[in-house]
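J.: What follows is a structure written as structure tokens; I'll ask about it next.
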Amino acid sequence: MTSILARPVVRTPRRAWAGLAVLLLPVLLVSMDMSVLYLAMPTLTEHLDPSATQQLWILDIYGFMIAGLLITMGNLGDRIGRRNILLVGATVFGLASVLAAFAPSAGVLIAARALMGVGGATLLPSSLALISTMFPEARARATAIGIWTAFFAGGSAVGPIIGGVLLHHFWWGSVFLINTPVLVVLLVFGPLLLPEHRSSALGPLDLPSVALSIGGILPIVYAVKHFAAEGFDLPVIGIGVIGVLLLIAFVRRQRHLSEPLLDLSLFRNGLFSVAIGSSTVGMLALAGMSYLTSVYLQSVTGRDALGAALLGIPMAVVVFVCSVSGARIGRLLGTRTAFVLALSMAAAGNLMLLGIGVNGGIGWYIAGTVVAGAGFGMAFTLVSEVAVAAVPPERAGSAVGISETSFELGNGLGLALLGSLAALVFRSGGDFGSTLGETLTHANGDTALIDSARDSFVHGMHVATTAGAILLAIMAVIAVVSGRKVKS
26 MTSILARPVV
36 RTPRRAWAGL
46 AVLLLPVLLV
56 SMDMSVLYLA
66 MPTLTEHLDP
76 SATQQLWILD
86 IYGFMIAGLL
96 ITMGNLGDRI
106 GRRNILLVGA
116 TVFGLASVLA
126 AFAPSAGVLI
136 AARALMGVGG
146 ATLLPSSLAL
156 ISTMFPEARA
166 RATAIGIWTA
176 FFAGGSAVGP
186 IIGGVLLHHF
196 WWGSVFLINT
206 PVLVVLLVFG
216 PLLLPEHRSS
226 ALGPLDLPSV
236 ALSIGGILPI
246 VYAVKHFAAE
256 GFDLPVIGIG
266 VIGVLLLIAF
276 VRRQRHLSEP
286 LLDLSLFRNG
296 LFSVAIGSST
306 VGMLALAGMS
316 YLTSVYLQSV
326 TGRDALGAAL
336 LGIPMAVVVF
346 VCSVSGARIG
356 RLLGTRTAFV
366 LALSMAAAGN
376 LMLLGIGVNG
386 GIGWYIAGTV
396 VAGAGFGMAF
406 TLVSEVAVAA
416 VPPERAGSAV
426 GISETSFELG
436 NGLGLALLGS
446 LAALVFRSGG
456 DFGSTLGETL
466 THANGDTALI
476 DSARDSFVHG
486 MHVATTAGAI
496 LLAIMAVIAV
506 VSGRKVKS
């Protein structure tokens, strides 16, 4: 008993916790910029007048560029240094944020958002991989990962809130310009508090794999978006087929490389596969729900950006709290059981949004987003912990790149698939414009048209959020079934 009591409780130096505080800055910004435009889109649409397709690209290109580059950047950080790539990425992200803030047209804004995605792709895997170096003690590392995930998931939840506050006082570009001073703090204190870490044992990056991964993901994404906006045609089918073929070639190449860009052997671990599936489906459902409810609060209920943002505070708080406690819940229940619980809560929260209507249901909105937020917060922490623990420290960047790619891909697919599903249901409800905002702008005071459009949008939102709940429930069942296979 004496030896146990004499054992030091904390083995992690204070410098590591100070470094973690610095690492949280880019994580918060990158995740916040996934959702900060949800409330800004109506205002932005008035000033830049983007088409329906351009609106989707403004929202999606950032996440899809990150998704296409995360695995590459995670591997690159393992080789050239995680702190180096973190600081370079922060610089690119900051400059692109300034360009986005003062974009004179929708095309320039799309290009700036794409450049922000390039910078953001370096920040997430390097920051989480550095935690495995800074926190060698398992319990401290789990706590650090929980805090990191809380800021990642919380940033996505708090993005609309910050956007609403800024839009209440400033012009739409302020939602991007806020990134710059925060990144300056990172660039100043990062070299002082963050250790450099690179692996001398790894060989050079396989450039054909890089080209195949990016060349496969982006055409498929474009095909999905084009189909959602305009339907199938021969060119888009051809582009989609090219993307599939390139991804098949990418996977085949990884099987024959001694140091693959994507370590397929990780997916033989059933828990790792459950984690990646949970993060993809979870972010898909969260992104779709967040975007559609943001439009609902403004364009259907008539609230301004600040009023809509304030209603998102309960969910943001719950996501943050449950992210921090996710690792503890995983230790108590077992990681797989905790995944099932988290996914089930997220599905239930999405279904509760069926109580929302054109003329009421804000209580259902708050209750549904809080329940779903608790599930999302727990799930995302478990995903990060499983990814970091899946590989030795020298390969942490590549493993984290896989998990973060699933987050970003889910985020983009949530907007493209669930957002497009809601839009399809909306347009089928009457002779409306391509979006609710466009319909309301050109309604010329036609109250019958306005009421009908709002009712059709709510119906589309119900269909999309229910689809998200079904996907979450399916993932929960997969987690249960895979656990039984392991036991048998």
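Going letter by letter, the sequence shown gives residues 26 to 513 in this note's numbering. The C-beta atom is built at its ideal place from N, Cα and C for all residues, glycine as well. Values in this document were obtained by computation on a predicted structure and should not be read as measured data.
1. Considering Ser369, what are the terminal residues of the alpha helix (DSSP H) in which it resides?
2. So the candidates are Ile83, Val483 and Val349; which of them puts its Cα closest to the Cα of Tyr390?
3. Quick one: what's got a C-beta closer than 8 Å to Ile83's C-beta in the same chain, skipping five residues either side?
4. Cβ atoms of Ala489 and Leu5: under 9 Å apart, would you say?
5. Determine the contact status of Thr174 and Gly144, defining contact as a CB-CB distance below 9 Å.
6. Between which two residues does the alpha helix (DSSP H) harbouring Ala126 extend?
7. With DSSP collapsed to three states, give me the class of Gly241.
8. Leaving out five residues on either side along the sequence, give the residues of the same chain with a beta carbon under 8 Å from the beta carbon of Phe292.
9. What does the alpha-carbon distance come out to for the pair Val411 and Gly355?
10. Cβ atoms of Ala373 and Ala494: under 9 Å apart, would you say?
11. Take Val306 and list the residues in its own chain whose beta-carbon comes closer than 7 Å to its own, dropping the five residues that flank it on each side.
12. In this structure, does DSSP put Gly142 in helix, strand or coil?
13. Looking at the structure shown, is Trp42 part of a helix, part of a strand, or coil, going by DSSP?
14. Considering only their Cβ atoms, is the gap separating Gly400 from Leu442 smaller than 9 Å?
15. Does the Cβ-Cβ distance between Met141 and Ala121 come in under 9 Å?
16. If you draw a straight line from the alpha carbon of Arg107 to that of Leu474, how long is it in whole angstroms?
17. Using 8 Å as the Cβ pair cut-off and three pairs as the minimum, do the region 197 to 206 and the region 40 to 48 touch?
18. Would you grab the beta carbon distance between Val346 and Phe176 for me? Rounded to a whole angstrom, and I think it's under 8 Å.
19. Helix, strand or coil: how does DSSP classify Gly470 here?
20. To the nearest angstrom, how far is the alpha carbon of Val34 from that of Thr168?
21. So Gln279 is in the alpha helix (DSSP H); what residue range does that whole segment cover?
22. For Ser319 versus Gly337, is the C-beta distance shorter than 9 Å?
23. Can you give me the start and stop residues for the alpha helix (DSSP H) that Ile381 sits inside?
24. Here's a check: name, in chain order, each residue in its chain whose Cβ is nearer than 7 Å to the Cβ of Val113, leaving out the five neighbours to either side.
25. Rounding to the nearest angstrom, what Cα-Cα distance links Ile191 and Ala274 in this structure?
26. Would you call Phe127 buried or exposed, if buried means 16 or more other Cβ atoms sit within 10 Å of its Cβ?
27. Hey, quick one: how far does the alpha helix (DSSP H) through Arg452 stretch, first residue to last?
28. What residue range is occupied by the uninterrupted alpha helix (DSSP H) comprising Val61?
29. Would you give the residue range spanned by the alpha helix (DSSP H) that Ala312 belongs to?
30. Terminal residues of the continuous alpha helix (DSSP H) containing Ser199?
31. Just the C-alpha distance for Val235 and Ser157, rounded to the nearest angstrom, thanks.
32. How many whole angstroms separate the CB atoms of Gly351 and Thr406, which I take to be in contact at a CB cut-off of 8 Å?
33. Please report the straight-line C-alpha distance between Pro206 and Tyr247, rounded to a whole angstrom.
34. Going by C-alpha distance, which of Leu271, Pro229, Leu243 and Val269 is nearest Pro285?
35. Could you check if Pro161 is buried or exposed, using at least 16 other CB atoms within 10 Å of its CB as the buried criterion?
36. Can you have a look at Leu259 and say buried or exposed, based on whether 16 or more other CB atoms are within 10 angstroms of its CB?
T.: Here's the rundown:
1. Thr360 to Met377
2. Val483
3. Leu62, Met66, Leu69, Pro75, Ala131, Leu134, Ile135 and Arg138
4. Beyond the ends of the chain as shown, which are 26 and 513, falls residue 5; an answer cannot be given.
5. no
6. Arg107 to Ala126
7. helix
8. Ser298 and Ile301
9. 11 Å
10. yes
11. Gly435, Leu496, Leu497 and Met500
12. helix
13. helix
14. no
15. yes
16. 55 Å
17. no
18. Wrong, their Cβ atoms sit about 12 Å apart, outside the cutoff.
19. coil
20. Confidence is the limiting factor: at Val34 the pLDDT is only 48, short of 50, which leaves the residue's position unreliable, though a coordinate-based value still follows. Rounded to the nearest angstrom, the two C-alpha atoms are 14 Å apart.
21. Leu259 to Gln279
22. yes
23. Segment: none, Ile381 is in no alpha helix (DSSP H) and carries neither H nor E.
24. Thr147
25. According to the sequence shown, residue 191 is Leu rather than Ile. Each residue's alpha carbon lies about 45 Å from the other.
26. exposed
27. Gly444 to Arg452
28. Run containing Val61: none; DSSP gives neither H nor E here.
29. Gly295 to Val320
30. Ser199 to Leu202
31. 25 Å
32. 3 Å
33. 33 Å
34. Pro229
35. exposed
36. exposed
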